[in-house]
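Protein chains: 2
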Amino acid sequence: MSDPLVLFMPSGKRGRFPVGTLVLDAARQLGVHVESVCGGRGMCGRCQIEVQEGHFAKHGVTSAEDHLSAFGAKEQRYAEKRELMPGRRLSCSASIQGDLVIDVPQDLVINAQVVRKSASGRTIERNPAIHMCYVEVDEPDMHRPLGDADRLIGALCRDWKFERLEIEFGVLAGLQSTLRKGNWAVTAAIHDEPRSGPPRIIAVWPGFKNEAYGIACDIGSTTIAMHLVSLLSGRIAASAGASNPQIRFGEDLMSRVSYVMMNPDGRADMTAAVRAAVNDLVARVCVDGGVNRDDILDTVFVGNPVMHHLFLGVDPTELGGAPFALAVSSAVHARAADVGLAVNANARLYTLPCIAGHVGADAAGAMLAEGPHRQDVMMLLVDVGTNAEIVLGNRARVVACSSPTGPAFEGAEISGGQRAAPGAIERVRIDPATLEPRYRVIGVEQWSDAPGFAEAAGSVGVTGICGSGIIEVIAEMFLAGIISEDGVINGKLSEKSARIVPHGRTFSYVLKAGESPISITQNDVRAIQLAKAALYAGVKLLMQKQGVAAVDKIRLAGAFGSFIDPKYAMVLGLIPDCDLDQVGAAGNSAGEGALMALLNRDYRREIETKVREIEKVETALEPDFQAFFVNAMALPNKVDPFPRLASAVTLPDRAGPSDGDALPSGRRGRRIRT
Amino acid sequence: MSDPLVLFMPSGKRGRFPVGTLVLDAARQLGVHVESVCGGRGMCGRCQIEVQEGHFAKHGVTSAEDHLSAFGAKEQRYAEKRELMPGRRLSCSASIQGDLVIDVPQDLVINAQVVRKSASGRTIERNPAIHMCYVEVDEPDMHRPLGDADRLIGALCRDWKFERLEIEFGVLAGLQSTLRKGNWAVTAAIHDEPRSGPPRIIAVWPGFKNEAYGIACDIGSTTIAMHLVSLLSGRIAASAGASNPQIRFGEDLMSRVSYVMMNPDGRADMTAAVRAAVNDLVARVCVDGGVNRDDILDTVFVGNPVMHHLFLGVDPTELGGAPFALAVSSAVHARAADVGLAVNANARLYTLPCIAGHVGADAAGAMLAEGPHRQDVMMLLVDVGTNAEIVLGNRARVVACSSPTGPAFEGAEISGGQRAAPGAIERVRIDPATLEPRYRVIGVEQWSDAPGFAEAAGSVGVTGICGSGIIEVIAEMFLAGIISEDGVINGKLSEKSARIVPHGRTFSYVLKAGESPISITQNDVRAIQLAKAALYAGVKLLMQKQGVAAVDKIRLAGAFGSFIDPKYAMVLGLIPDCDLDQVGAAGNSAGEGALMALLNRDYRREIETKVREIEKVETALEPDFQAFFVNAMALPNKVDPFPRLASAVTLPDRAGPSDGDALPSGRRGRRIRT
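Chains as they are written, first to last, in the numbering used here: chain S, 1 to 674; chain U, 1001 to 1674.
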């Protein structure tokens, strides 16, 4: 009779083991990560498992319990001292007695409240780079005068099966007193990241220590977002966000690069600013999560190439012009202290790889989280900022590019534009019959035509229009026939509606009249057209590379993707035709990717490998890009049919000939780097 | 016909290679370290070889030249631009045409002026942990947007056959400008030390860089000695020494440990003091050698355990009492910046392993340099300081211990004692007939009885007596019959000579009369007896462990060993009987060991392995040690015959019964830790 078959979930790894094998040992032999801090002493409770009943019980009536050893003394003790939920067992105590399906609870479902609009309650299997290892160290022996560090390493190698173990220099100074405080029992934090060298002791605490934290951080041009996470349970202890203080040096990326080029201390100032902001967030999440900053042992960062470089202290000037050379594209392994992080003195730092000069570690993070490379279908992943980072692909092949959308989608370069903040118009509807608008303002519950709006809005005011509002107002203007397919505001409508008013040689649409009016000018429409054309041309280029005429799934990442209504994005032709059901916001998927890389080294290897394999497309070098760009100026787009869009909205019935208001080529030249 | 046989000297490695194989490639295949910075471009001249004529030319008349390709264009260019000594060839140009014996010039014979009284003109084969690699890096390519660091790594792996290469975080910030300054040709310094992780780029210079330095430093309790060495040629660019400023915290080791225990900032103060002194020496050797401190890329340190710990910033308190636990006994790999060294920002630091709580990295260095473990005969290696570090062994087995000699040998605890400095008496002769002394003073050419001494000594004065002077005066007093075998100054001689004078209940010997007299008191004799008994008892214990009654070779290391006359050491019974021809000073062999470990990683592996294998003997735990100690109080020693000593000196003919002046046991207890 063959040995019992054991299947571990959710990994699906399986193997046969002799009766009596500890579940923990079986898991390790299969490479299933089951945490254990105490090394099988029944102290930490980290190695809990659950047994799924019924499976494998095909022949005859057997219950799962029969296939696992009886509740042991170790488990009894643990359950009395702490708590062991019904059905849970300790895998360092329970042994295999028959076929089993074992659940390794991951305890981490990415929380919809934390990562906004996360598409799925995704479960991240854990296998962090930090191991907490409790160990009892031999006392000093004059007959065998090994140093304390050497005996600690010896004990860890003996009990935890490390073949080789180094000790971080910074740990040596405090080691002797820690060992004596713990009466020769200590818990060591071991950084085990083959890419950065042999496993290494980076911290030691006296006695038994059952906590270890990490931070995952997305450094955006506008916003920095951070999660503080237990490396032992995957629980998010706290999350926080803050504005990137580099905004004072320049709103968008290129103005920050310019600042560095123009100011001798520019790079150092911006590096200091972002590091200070990150440290402020560390302080905040530590307070919110009730966590000691010395317990933060690993840190993972993502960001676009300019943010990535500035954070690491690297001059981003080369990213400001062709050939857009990154200082480093592969993942960076360093010490958190190297960038001045106020966490454990020997904590580690990891940054995801950058894909290309304009497609950064943030895009790599988003890719890791959304996983186009894990799809059977063709998935489009778009992260819109000053540059759109675009990834298109499936299991077989992934292509990526960046397209220079400019800051219009973020409200910049728009006459009434502003960043998303209380007072900004974020939703717009226009009545096609009357051409009268109604809108919603951030910070105000009611729509503008609802009772009580004026009172409610009185306190915050209506100060401008943010990115999602701009998309909607222009899409609605198009759907209401106010602007043509070529983007021209129809001046003739001024006869029909007082909302259409002359503005120099062109016309504007008055979205909000009265005091501090907000209008959409012809230039605003042009700015959005340029931005959306750049985005769409990038998408189209990648579709051409992949040889597809449509995509199956679209994920819109970042703040932009979280607030924009996919329907309007499609009306404007920002994204290609696709079942609206299959279009979704990805939330802060870059940050989610950082979180995955923090909690599981395997994800680091996955994204490092995939980033090498991605085909990078540089729009500036692609002869077809200009043609795609010009064709994408129209609403939705001149050349692409959007059959599935019709089911979502009523497109205006007309054939609008171009009125010759072509773009000055100079303007286009400013945006599209060549 | 088989391929030509090629033998490389001095390594003796040999192999057969097809006709036409480049000598450089052949060397690499055999693991013979032939430096090459330019990667075979004929630029650096580091790969020079010489061909030994005549060998292998057995059959017929062939000259060595026929067996090597003709002088090539690359060599011609190099010889024109720089210089190529007659007979020298570039191994990146010369190819194998027949059997050859090839000399790889090491250019490094430890200079007798630099390391005093080095026993041999030892040749250190080089294989340093730092490689200088010139490389031409691909320019950035938008079609393949790899980072600059990634392309640098790619080029190095391609041209220099690294399988894996990391880049130090600190290099990233300046990398892009360096690559552009060098027009994509740079020289990278690569730290290749398998024990501390994968090979790693630690510095990059624009263009071709043909220099790289290291420092080897011995941190003694009294003196810090440093060599600045070219890692590419082995040439010692400068050497310097300075007093250890920790002396102001305590003369000897135990008083420094006490200082740490008594003062909250004691450890930090002493660490800062020794690091500042080391940095001063770095500044000095850089000036003397005309070397830029940024070109110092590797550093190796040795020191006794207390010095080692304080330099690394580790509290030495545990070394002050049983069980004398080291914080770390194995070799330490760190960054020079970790200890605040003002050298290249990413330079490395290596400390040799410590053997035991009282047998430090300095003893490991001395062992590496003198090589008892490479001897067929039984070699005794003694380094005398406040503790004597004693190593005894041969190829088969090495044993080591430390014995608490106290500071008497260094002039402390002696009434007229002082450190070796101008004005100190260092040599003494006593006429057995008249009991009149003559002596030599440091800084004065003449002996005290020679014409012109008074004038010459006038400027420096005669200020005291240093370690070697004390040894000699007591040995001479014994040989002249002034003191008995039991160490008692014979008061009866006061009738015969005015040099013998009463001093309390005992007598003194007046070495220098007149103003500022210098006398040897009974207590001085006792102090030296105690010290020498401790040393001899340690030696005897190791001889017992090895089961030998005599040793074949003795090396006396350190300043003490450099100045002491072996004959007098034997008269006093500091060392066991041995052919005087086989007794020699080892010079600063600890520092020489550091130098070896700096210039050749293989020596690091050798000493790391040997230190693990050494049998460590803790005198405090050895029941026989006390008996050996008591018996060793006599001059030369009560129980050991010194047959070979008789041929060197005329021993006084007498049988001196003990006069009962036994040592108070309390005093002994203070010295011998139990």
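C-beta: ideal position from N, C-alpha, C; glycine also.
Burial state of residue i (16 or more Cβ within 10 Å)
| i | result |
| --- | --- |
| U/E1436 | exposed |
| U/I1110 | With a pLDDT of 34 at U/I1110, under the threshold of 50, the modelled position of that residue is not reliable, and the figure given next carries that caveat. That one is buried. |
| S/D383 | buried |
| U/K1081 | exposed |
| U/F1008 | buried |
| S/P18 | exposed |
| S/N292 | exposed |
| U/R1164 | exposed |
| S/V583 | buried |
| U/A1662 | Note on U/A1662: pLDDT 39, under 50, position unreliable in the model; the coordinate value appears next. Exposed. |
| S/A557 | buried |
| U/N1263 | exposed |
| S/P657 | Model confidence at S/P657 stands at a pLDDT of 42, short of 50, so the residue's coordinates are unreliable; what they give is reported in the following sentence. Under this definition S/P657 is an exposed residue. |
| U/T1521 | buried |
Chain-ordered neighbours of residue i on chain S, where CB pairs are closer than 9 angstroms
| i | result |
| --- | --- |
| U/L1621 | M142 and H143 |
| U/P1323 | E139, P140, D141, M142 and P145 |
| U/D1338 | F169 and G170 |
Proximity of residue i and residue j at Cβ, strictly below 8 angstroms
| i | j | result |
| --- | --- | --- |
| S/P128 | S/L599 | yes |
| U/A1356 | U/A1400 | yes |
| S/T299 | S/L231 | no |
| S/A277 | S/A242 | yes |
| S/E676 | S/L635 | Chain S is shown from 1 up to 674; residue 676 of chain S falls before or after that span and cannot be answered. |
| U/V1186 | U/V1137 | yes |
| S/N304 | S/L352 | no |
| U/A1173 | S/G266 | no |
| S/Q418 | S/G458 | no |
| S/L24 | S/G40 | yes |
| S/P4 | S/I96 | yes |
| S/M633 | S/L392 | no |
| S/R374 | S/R395 | yes |
Proximity to residue i [Cα-Cα], best of the options
| i | options | result |
| --- | --- | --- |
| U/R1555 | U/M1379, U/Y1134 and U/K1181 | U/M1379 |
| U/S1093 | U/L1100, U/P1105 and U/I1049 | U/I1049 |
| S/W160 | S/A173, S/L179, S/Y134 and S/E166 | S/Y134 |
| S/A531 | S/L156, S/I130 and S/A408 | S/A408 |
| S/D676 | S/S562, S/G461 and S/Y536 | Chain S is shown only over 1 to 674; residue 676 of chain S falls outside these bounds and no answer can be derived. |
| U/I1124 | U/I1153, U/G1234 and U/D1148 | U/G1234 |
| S/A585 | S/A597, S/V571 and S/K567 | S/K567 |
| S/G514 | S/M477, S/A498, S/A527 and S/F507 | S/A498 |
| U/V1444 | U/D1431, U/I1425, U/A1559 and U/S1221 | U/I1425 |
| S/C466 | S/I442, S/G487, S/A450 and S/V488 | S/I442 |
| U/D1148 | U/W1184, U/E1168, U/A1590 and U/A1550 | U/W1184 |
Where residue i meets chain U, residues with beta-carbon distance less than 7 angstroms
| i | result |
| --- | --- |
| S/L312 | L1172 |
| S/L175 | A1327 |
Neighbouring residues, chain U, relative to residue i (Cβ below 9 angstroms)
| i | result |
| --- | --- |
| S/K616 | M1142, H1143, R1144 and P1145 |
| S/D602 | Result: empty, since nearest Cβ-Cβ is about 20 angstroms, beyond 9 angstroms. |
Within chain S, partners of residue i - CB distance below 7 angstroms
| i | result |
| --- | --- |
| U/G1357 | P145 |
Closer than 8 angstroms to chain A by CB, residue i
| i | result |
| --- | --- |
| U/E1318 | You won't find chain A in this structure, because its protein chains are S and U. |
Chain-ordered chain U contacts of residue i [CB-CB under 8 angstroms]
| i | result |
| --- | --- |
| S/C354 | G1147 |
| S/V681 | Past the edges of chain S, shown from 1 to 674, lies residue 681 of chain S, and the structure says nothing about it. |
Chain S contact residues for residue i, given Cβ-Cβ distances below 8 angstroms
| i | result |
| --- | --- |
| U/P1746 | Residue 1746 of chain U lies beyond the residue range present for chain U, which begins at 1001 and ends at 1674; the question has no answer from this structure. |
Any non-hydrogen atom of the ligand ATP closer than 7 angstroms to residue i Cβ
| i | result |
| --- | --- |
| U/G1371 | Ligands are entirely absent from the displayed structure, and the ligand ATP is therefore not among its contents. |
Whole-angstrom C-beta distance between residue j and residue i, which should lie under 8 angstroms
| i | j | result |
| --- | --- | --- |
| U/A1238 | U/V1282 | Actually they are not in contact, since the Cβ atoms of U/A1238 and U/V1282 sit about 10 angstroms apart, beyond 8 angstroms. |
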